[in-house]
Every structure is written in C-alpha cells, then in structure tokens.
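Novice: Heads up, the sequence shown is in my numbering, so the first residue is 99 and it goes up one at a time.
Please read through the structure below; I'll follow up with questions.
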Amino acid sequence: PTILTSPIEKSSLSKGQTYYLGDFVYIEPNDETNEPLIVCIESFGHKNNEDYLSGLQFVRPNETYHTPTHKFLRQEVFLTQTIEYIPMNKIQGLCYVLHAKDYFKYQPMIDDQMSFQDQDVYVCESRYNIKTKVFKKIKSWNIPENKRVKLIQRDIPLENIRISSILVNNNLVHRSSTTDNELISIDIIEKPKETILYDSVINDKLNENSSIKRIFYEQIVISTHIFYKVGDFVYVNNIENNNNNNNNISNKKFILRIDKIWKDNDLYCISGPVFIQPSDIINRDQLIIAAKCSYERELIKRDGPSTQITLNNIQGKCSVLSLKHFCTHRLTEISESDVYVCESKYVSDDHSLRGLSKPLKRISLSLKATADEIWTFRKELILKQETPGGLFKAVDESSAMEVDDQSNSNLDGGEHQSNHMSYDTINNSINFNSSFSNRYSNNRVSKYKHTNDGKLPTDNSLLN
C-alpha cells in the first residue's frame, strides 16, 4: 500500500547534499535531450519508501508558445504550476530565480560563502499558463522563505536587455515541427542600429538662441544592445538645475524625456523635461490642485527649463504615456513595472498641480531611427476609483491584454483554480513549440492592429 507522510519536513537529504524549503533546484528530465526542469521546493514527503519533493516549476522561453516578435530578458524564466511527487534522487543541483526588480541589482549568495554561477541565476517577472498559453505579469513575489540565501548588491548593475525570440528570423513558424538541433543552430539577427545625426536644417533650428553651436543627434548607439534616441524616457540620477534644494533628493531617481542629444568634450549629453512622483512634491498640504484626477503609477511633469545631464547618469529606460495611450498600448521592450501615466504638471512658481494643456508630445523621427515595437491591446484598459477620491486603477488588466488565466498562483495572490501536476505528467507534457505555427497563424490577426502592409505598427505609424 502507498504510505504518504505529511509534508512538514523543512529539509531533506539527496546524494549527500541537504536541500531546504525555498531552494531552487535543477530536476532531471525524462528526455535526455531536454534541459533540466527548474523547481522551487515547497514541501518534502515520503511515499512508497522513497523521499520526494513538490514545488513550483519555472519554464524557459523555448518551452512556451509565443509570437516570433516576442522578446525575452536574458536568463528569463516563467512561473507555471506546482509539480508533485518529484523523487529526491532526480535533483541535479542548485540554481536560483530572482524577481526582475532584484535580478539586475543583486546576486544571491548561499550560506554566506558560495555565490551562484551566472548561468545558474535566472530572472522572472511573469507567469505562463500552460493550458491557455498566455503570459501574465506577477504582482507579488511570495516564494517560500529561504534564510540561507542572501542577496548581495552587485558592483555594477546588469543591463536590462531583451533579445528576440529564437524563432524570429527563421521560417520555423511555417513548419509543423522542429528538432532541437535546428533550434540550437539558429542565429538571431538584430536589425542594425546606427548613430544618426540630425540634418543641417534641424540642427540649425536646435541651435537657435544659443551662443554655443552644437551638433545634435537623433539617435546614438553605445553598444549592441544599448542605444538612445530623441523621445525616449530614461531613469536618471544626479540631476542638475533641480528646483528642490533638498539634499536628500539628489539620491533619488527621476525620469527624464530625451529632447536633445549632443556631444561635449567627447561625452554624450542629453536634456529634456523631468518627471516626478507626487510624493516628490514638498509641502503638499499647501499645494494648489487644479488637476482633475490622480492615477496609480502616475508621474507629474515638472514645469521649468530643461534639465541637462551626461549619459553616464542614465540608469535605464522606461515609458511615460498619456492616459489615452496608457489604456491602449505598451512598448514591448519595457517592463510593465516601468510604465507610467502622466496627465498633470507641477508649476513651482505658484506651487500648483495643473492638468497638461496638451497631451505628451510624440516626436517624429526619420526612417533610419529604430522604431519602437508597440503592442496594441485587444480591449481598452478600464481605470476606476476603488474609493471616492482615491487613485484610478486598472479594473481588469487581463481582459485588455487578452489574458485568460485559470492557473494556480502563489505569487500574486490571485484566487484561481488549482493547477497541480505530477513529475511524470509534466515530463510527458512539455512540448517545445511543436504546433507553434497553428497558434501563431490563428492569433496573429486578432492580437495586433496591422498597418496597410501587414507589419506590426511602429511608433510613428500608430501615433501619427
């Protein structure tokens, strides 16, 4: 008879190694051609004279169904479901998964002495529903506590780089099956990016009323994956010309829209308006408020002259949208946690908060500049107040982003139907995009609003 003990143990031994609740481990797959499974241990147990574990499974991008234009973070994985009854002798070693908010700034260290290898540290910001084949952002990161792992701040933060799907530049989407060897041999070809100078007419106009004649750029390329163009929103620190004289505020991050790019003594400089959070305004009790509404993830445009900084003060990219665009689309390469809405401006002269007279301007760029890839929601996002006078928040993000998620989630507190699978079942169910072409062909038209030539809309084609 099967004897099942209550899974209350906090640790278990396998192959001379002790594993604990909250450990992330590699699990041996049934098929040797597949990569090891990634599992976060939730419980231990004993069945049929064999020790086992159960835990949360994370899958890699190549184990999901996705459009060829989908871009992923390096080392990105996705939370799926709980796997039960995994034999302890199937563990192949330790790894670690960090939420996106920690991954770029910290590295995990175990037992105060051993750091994980870079290839064994993964980043996660979304769940993937194996049944419905859809992604959904994780709202809160509630993995089992693991006190023996500490997060150590990195000397240099990692770059937030998203790379194209391995299928993007290959005709695999038109085929019904693909071998693992074919997937491995595919080269990902990025569209070439180049540093672009403004033409003489625009350059002369930008130099009007300036005693120093500068050469302005439309786009600059720093490395293969790092580039900036006019109109981008970036996180910055060490802001000059700050209207606030608070000494502590210099340590805060602000957001700046790039309106101008030029070189000064071989060092790139940028300038543009600064955007602040409502909490950054001092003496708020005396603030004259003429703006109509306030929103979750709201930014406020700070009135006044443009702020100038050097390029080395940039801490990453983000997206600031008008209310209309916030409810209808996203830039695919920007994480949802880095997307903001702006409908107001702060005027320091009279200490007032006022609605923008015009929506945030969109800057038209030449065809040489790298166009933003834009995801247009199938349904417009609806914002409502939870309480009278409170912040306007998204009512149902899933309907707007076409998410039909019924999976179990221990990470975002959602009340979903339980979705547990056994170790044997999950090994037999993994399908490496074998029927990807059917899913992509059926859904592509419904997921995107196309331009006349059938291509994905770019920044200019959508907003002009």
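In this text, a Cβ means the ideal position worked out from N, Cα and C, and glycines have one as well.
This one's a predicted model, so the numbers in the text were calculated from it and none came from an experiment.
Can you tell me the Cα-Cα spacing of W386 and L481, whole angstroms?
Specialist: Looking at the sequence itself, residue 386 is Ile, so the reference to Trp does not match. I386 and L481: Cα-Cα distance of roughly 25 Å.
Novice: Given a cut-off of 8 Å on the beta-carbon distance, is the pair T293 and I313 in contact?
Specialist: No.
Novice: Under 8 Å: do the segment 353-363 and the segment 424-431 share three or more Cβ pairs, one atom per stretch?
Specialist: The segment 353-363, when compared against the segment 424-431, does not touch it at the 8 Å Cβ threshold.
Novice: What is the DSSP secondary structure of H197, reduced to helix, strand or coil?
Specialist: It is a strand residue.
Novice: Tell me the rounded alpha-carbon separation between K188 and E126.
Specialist: Their backbone Cα atoms lie some 5 Å apart in a straight line.
Novice: Tell me whether H323 sits in a helix, a strand or coil according to DSSP, three-state version.
Specialist: Note: H323 maps to coil in three-state DSSP.
Novice: With which residues is V334 paired in a DSSP beta bridge?
Specialist: BP columns for V334 point to F352, I412.
Novice: To which residues of the same chain is L397 closer than 8 Å at the C-beta, ignoring the five residues directly before and after it?
Specialist: Once the five neighbours on either side are set aside, the close Cβ partners of L397 are I353, F373, I374, Q375, V418, Y438, V439, C440.
Novice: Who are the Cβ neighbours of S435 in its own chain at under 6 Å, not counting the five residues just before and after it?
Specialist: Contacts found: none.
Novice: Mind checking which residues open and close the alpha helix (DSSP H) that includes F424?
Specialist: First-last of the alpha helix (DSSP H) with F424: 421-424.
Novice: Comparing alpha-carbon positions, which option in T468, Y220, P134, Y444 lies nearest F176?
Specialist: Checking every option, the nearest Cα to that of F176 belongs to Y220.
Novice: Out of curiosity, what's the CA-to-CA distance linking L281 and N307?
Specialist: With a pLDDT of only 42 at L281, under the threshold of 50, the placement of this residue in the model should not be trusted, and no figure is reported.
Novice: Could you pull out every residue in the same chain whose Cβ sits closer than 8 Å to the Cβ of K113, ignoring the five residues on either side in sequence?
Specialist: Cβ within range, chain order: N187, I189.
Novice: Mapping the DSSP letters down to three states, classify L270 as helix, strand or coil.
Specialist: Unreliable placement is indicated for L270, whose pLDDT of 38 sits below 50; the coordinate value is still reported in the next sentence. Correct three-state label for L270: helix.
Novice: Indicate whether the contact test is met: 3 or more Cβ pairs, each with one atom in the segment 238-248 and one in the segment 157-174, closer than 8 Å.
Specialist: Short answer: they don't touch.
Novice: If you check the beta carbons only, do K203 and P166 fall under 8 Å apart?
Specialist: No, the Cβ-Cβ distance between K203 and P166 is not below 8 Å.
Novice: Is the distance from the Cβ of L304 to the Cβ of C367 below 8 Å?
Specialist: No; because the gap between Cβ atoms is not below 8 Å, this pair is not in contact.
Novice: Using 8 Å for Cβ pairs, my map puts G370 next to S404. What's the rounded Cβ distance?
Specialist: Correct: roughly 6 Å between the Cβ atoms.
Novice: I need the boundaries of the alpha helix (DSSP H) containing K188, first residue and last residue.
Specialist: Note, K188: premise wrong, no alpha helix (DSSP H); not H, not E.
Novice: Which value, in whole angstroms, describes the spacing of the CA atoms of E243 and D216?
Specialist: Rounded to the nearest angstrom, the two C-alpha atoms are 22 Å apart.
Novice: Following the continuous beta strand (DSSP E) through D362, name the residue where it begins and the one where it ends.
Specialist: It spans 358-362 - the beta strand (DSSP E) in which D362 sits, taken as one unbroken run.
Novice: Could you tell me the distance, in whole angstroms, from the CA atom of D447 to the CA atom of C391?
Specialist: Rounded to whole angstroms, D447 to C391 spans 22 Å at the Cα level.
Novice: Quick one, are the C-beta atoms of G120 and I208 less than 8 Å apart?
Specialist: Result no, Cβ atoms of G120 and I208 do not sit closer than 8 Å.
Novice: Span of the alpha helix (DSSP H) holding S462?
Specialist: Careful: S462 lies outside any alpha helix (DSSP H) and carries neither H nor E.
Novice: If V334 sits next to I412, beta carbons under 8 Å apart, how far is it from one beta carbon to the other, in whole angstroms?
Specialist: Rounded, the Cβ-Cβ distance is 6 Å, consistent with contact.
Novice: Note down the Cα distance separating W360 from K399, rounded to an integer number of angstroms.
Specialist: So the alpha carbons of these two residues sit roughly 23 Å apart.
Novice: Can you tell me the Cα-Cα spacing of R476 and F233, whole angstroms?
Specialist: If you take the alpha carbons of R476 and F233, they lie about 15 Å apart.
Novice: Tell me which residues share the same chain as H449 and place their Cβ nearer than 8 Å to its Cβ, disregarding the 5 neighbours each side in the sequence.
Specialist: Cβ neighbours of H449 beyond the five flanking positions: N381, Q384, L385, I386.
Novice: Locate the beta strand (DSSP E) running through N227, then write down its first and last residues.
Specialist: First-last of the beta strand (DSSP E) with N227: 224-227.
Novice: Helix, strand or coil for Q317 per DSSP?
Specialist: The answer is strand: DSSP assigns Q317 an E or B state.
Novice: With a CB to CB cut of under 8 Å and the five nearest residues on each side skipped, what residues in its chain are close to F170?
Specialist: Excluding positions up to five away in sequence, the list reads P159, R260, I261, S263.
Novice: State the DSSP-derived secondary structure class of L135, mapped to helix, strand or coil.
Specialist: In the structure shown, L135 sits in a strand (DSSP, three-state: E or B).
Novice: Between the alpha carbons of Q179 and L154, how many angstroms are there, rounded?
Specialist: In a straight line, the C-alpha of Q179 is about 6 Å away from that of L154.
Novice: For R428, does the three-state DSSP call read helix, strand or coil?
Specialist: Looking at R428 - three-state DSSP - the assignment turns out to be strand.
Novice: Could you pull the DSSP bridge partners for T167 from this structure?
Specialist: Partner(s): none; T167 has no beta bridge.
Novice: Thinking just about the alpha-carbon of each residue, which of G402, Y183, S377 is nearest to the one in E394?
Specialist: That would be S377, whose Cα lies nearest to the Cα of E394.
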